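J.: Each residue of the sequence shown is one higher than the one before, starting from 971 at the first, in my numbering. Ideal Cβ positions, reconstructed from N, Cα and C, are used throughout, including at glycine. As the structure is a computational prediction, the values presented were derived from the model and not from experiment. Let me give you the structure first, and then I'll get to my questions.
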Amino acid sequence: MKKVLTYGTFDLLHYGHINLLKRAKALGDHLTVAVSTDEFNLGKGKVCAYPYEERAYIVESIRFVDLVIPERSWEQKIQDVVEHKIDIFVIGDDWQGKFDFLKEYCQVVYLPRTEGISTTQIKETLSGQ
């Protein structure tokens, strides 16, 4: 069984998130998604519309997702890959090169972002900017 792992905040879920999860799942048999905790997001200066528990519940309800785990820190990625026996790490190509250090442990794939949609864009539209 080929296991895939991706990370994200998944706030204000949109079709770009679904596209990422669908393409990630297509690379293997099992998809684990690490959803960023509220504390981790606050440390990055990011405030979410929904708390972690609700975002994790939404993500685990998506048919492409087999397991949701919390993302609590930048440093946990190697441990997650090893502990969950991950074969492929997947992330959007806006992170190109940032996770190459994982190539020692698994394949790293940077997927193109879905054009025309982002959580930042949605937040700007809702705030009238």
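Give me the Cα-Cα distance between arginine 1033 and tyrosine 985, rounded to the nearest whole angstrom.
T.: Stepping through the sequence shown from its first residue, residue 1033 is reached at position 63. Stepping through the sequence shown from its first residue, residue 985 is reached at position 15. Rounded to the nearest angstrom, the two C-alpha atoms are 14 Å apart.
J.: Hey, out of Asp981, Val1079 and Ile1058, whose CA is closest to aspartate 1104's CA?
T.: With the chain covering only 971 through 1099, there is no way to say anything about residue 1104.
J.: Give the C-beta separation of valine 1035 and leucine 975 to the nearest angstrom, bearing in mind that I take them to be a contact with Cβ-Cβ under 8 Å.
T.: Here residue 1035 corresponds to residue number 65 of the sequence shown, with the count starting at 1. Here residue 975 corresponds to residue number 5 of the sequence shown, with the count starting at 1. Rounded, the Cβ-Cβ distance is 11 Å, inconsistent with contact.
J.: What are the boundary residues of the beta strand (DSSP E) that isoleucine 1032 is part of?
T.: Taking the first residue of the sequence shown as 1, we reach residue 1032 at position 62. Note, isoleucine 1032: premise wrong, no beta strand (DSSP E); not H, not E.
J.: To the nearest angstrom, report how far apart glycine 1098 and valine 1017 are at their CA atoms.
T.: Your numbering for residue 1098 matches position 128 in the sequence shown. Your numbering for residue 1017 matches position 47 in the sequence shown. Cα to Cα, the separation comes out at about 18 Å.
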